[in-house]
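A.B. asks: The following block contains the structure, expressed as structure tokens.
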Amino acid sequence: MSATLLTAADLSRTYGSRRGLFGAITKVRAVNRVSFSIGAGETLGIVGESGSGKSTMGRMALGLEPPDEGEVRFIGQPIPPSGTPAWRTQRARMQMIYQDPLGALDRRLPVITQVQEPLDIHQLGDSANRPQRAQEMLARVGLSVEQMGRYPHELSGGQRQRVVLARALMTRPDFLVCDEPVSALDVSIQAQVVNLLVELQSEFSLAMLFISHDLRVVRQVSTRVAVMYLGDFVEEGDADDLFAEPLHPYTRALVSAAPVTQRMPGHQRIVLKGEPPNPANRPGGCSFHPRCPLALARCKVEAPTLVPVDQGSGRRVACHLVEPSMSTSNRAA
Ligand code: SF4
410 MSATLLTAAD
420 LSRTYGSRRG
430 LFGAITKVRA
440 VNRVSFSIGA
450 GETLGIVGES
460 GSGKSTMGRM
470 ALGLEPPDEG
480 EVRFIGQPIP
490 PSGTPAWRTQ
500 RARMQMIYQD
510 PLGALDRRLP
520 VITQVQEPLD
530 IHQLGDSANR
540 PQRAQEMLAR
550 VGLSVEQMGR
560 YPHELSGGQR
570 QRVVLARALM
580 TRPDFLVCDE
590 PVSALDVSIQ
600 AQVVNLLVEL
610 QSEFSLAMLF
620 ISHDLRVVRQ
630 VSTRVAVMYL
640 GDFVEEGDAD
650 DLFAEPLHPY
660 TRALVSAAPV
670 TQRMPGHQRI
680 VLKGEPPNPA
690 NRPGGCSFHP
700 RCPLALARCK
710 VEAPTLVPVD
720 QGSGRRVACH
730 LVEPSMSTSN
740 RAA
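Its first residue numbered 410, the sequence shown is counted upward by one per residue in our numbering.
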């Protein structure tokens, strides 16, 4: 097992939301007491529908947004407050890849200048060698010398995301948060960028928090996976185990609906009832109960807690049907 790089303990984040100009402010719990850790070189994939709190959690992991409760530690130390010199120093070791590469780049500068910038900002290495290092990194992510001198709008979406990746890697970070990094790209290009990410992760020994609504992509890059629903982790475990045998009813529905090249005989797609509830109006008890095909009377009043199952594997599930002591063979069908 790799050394722990980042730990998040009991992270919560609540926003105020006003309905109309004069409406009362309602509280929206975006992330609800979430805990996890990421080891060096490990990728934790976070999946869930839009509005499940994935992106808020990614921002808190980098210190871009403070939690209302809980704490994030990077290499054993609390993340300094955002914008402070200590935080900026630490940011060299923690980078972020956003969904929209065009928004992440400066349209007025050639991409090679932007890839060199992190070295200038953090005063890393000999200034005379910085252009060459930027060129080498851009070549590593697959750009030609001619493309390096272009402006962002002169590149394709996939090429722009390669530039963003090159820029993020210039400071040789230990930790990368990727927030829907391929969602805005064409499907054919998505595979190329995901493959590149997997290669770079191994080459640079990166730990990653990989956020996506796309199970196929998460499965491809993740060592472990956590499933979020309305701000809660409802299941977490080794990626292969979780996809082979999802335990939470929500995970089962997601996995059953994920596009795959080949289905097992007898596979049935689980179609969930209704839309995810409004986070400002969370259902009582288990927040998944209005859509859960297996809900019990107890589920409407009692929220399940995330408990370890299969001691030693790190698998955790929040569902009244999955008890910590139960073995795989006698779990609810
Ligand atoms: Fe379904 Fe109940 Fe489990 Fe929630 S606790 S997922 S409602 S069975």
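Idealized CB from N, CA, C, for every residue including glycine.
Predicted model, so just to flag it, every value in this text is computed and none were measured.
Below 8 Å, can you find three or more Cβ-Cβ pairs linking the segment 548-568 to the segment 468-481?
C.D. replies: Result no; under three Cβ-Cβ pairs closer than 8 Å.
A.B. asks: Tell me the rounded alpha-carbon separation between proline 487 and glutamine 677.
C.D. replies: When rounded, the distance between both Cα atoms is 45 Å.
A.B. asks: Taking the alpha helix (DSSP H) that aspartate 529 falls in, what are its first and last residues?
C.D. replies: Here the alpha helix (DSSP H) through aspartate 529 covers 520-530.
A.B. asks: Compare the beta carbon distance of threonine 660 and glutamate 644 with 8 Å and say whether it is the shorter of the two.
C.D. replies: Going by C-beta atoms, threonine 660 is nearer than 8 Å to glutamate 644.
A.B. asks: Taking 8 Å as the threshold (C-beta atoms), are glycine 694 and lysine 709 in contact?
C.D. replies: Yes; because the gap between Cβ atoms is below 8 Å, this pair is in contact.
A.B. asks: Skipping 5 residues on each side, what residues in its chain have a beta carbon closer than 8 Å to that of leucine 663?
C.D. replies: Same-chain partners within the cutoff: Val456, Leu624, Val636 and Pro655.
A.B. asks: Please classify proline 395 as buried or exposed, where buried requires at least 16 neighbouring CB atoms within 10 angstroms.
C.D. replies: One cannot answer for residue 395 here, as it falls past the ends of the chain, which runs 410 to 742.
A.B. asks: Strictly by DSSP, which residues pair up with glutamate 644?
C.D. replies: DSSP lists Val636 and Val726 as partners of glutamate 644.
A.B. asks: Below 8 Å, how does it come out for the segment 560-580 and the segment 501-514: are there three or more Cβ pairs, yes or no?
C.D. replies: The segment 560-580 vs the segment 501-514: in contact.
A.B. asks: With respect to 7 Å, is the separation between the Cβ of alanine 635 and the closest non-hydrogen atom of ligand 1 below this value?
C.D. replies: No; taking the cut-off as 7 Å, the Cβ of alanine 635 has no heavy atom of ligand 1 nearer than that.
A.B. asks: Going by Cα to Cα distance, which pick from Asp588, Thr522 and Thr498 is closest to methionine 466?
C.D. replies: The option with the nearest alpha carbon to methionine 466 is Asp588.
A.B. asks: Going along the chain, which residues of its own chain have a beta-carbon closer than 8 Å to the beta-carbon of leucine 605, five neighbours each way excluded?
C.D. replies: Counting only Cβ-Cβ distances below 8 Å, and skipping sequence neighbours, we find Val550, Gly551, Arg571 and Leu574.
A.B. asks: Which of the three DSSP states, helix, strand or coil, is assigned to tyrosine 659?
C.D. replies: In this structure, tyrosine 659 counts as helix in the three-state DSSP scheme.
A.B. asks: Rounding to the nearest angstrom, what Cα-Cα distance links alanine 600 and arginine 628 in this structure?
C.D. replies: About 12 Å.
A.B. asks: Report yes or no: do three or more beta-carbon pairs, one from the segment 710-722 and one from the segment 489-497, lie closer than 8 Å?
C.D. replies: No contact exists between the segment 710-722 and the segment 489-497.
A.B. asks: Would serine 459 pass as a contact of aspartate 419 if the rule is Cβ separation under 8 Å?
C.D. replies: Cβ atoms of serine 459 and aspartate 419: not closer than 8 Å.
A.B. asks: Provide the residue span of the beta strand (DSSP E) that contains asparagine 441, from first to last.
C.D. replies: Asparagine 441 -> beta strand (DSSP E) spans 434-448.
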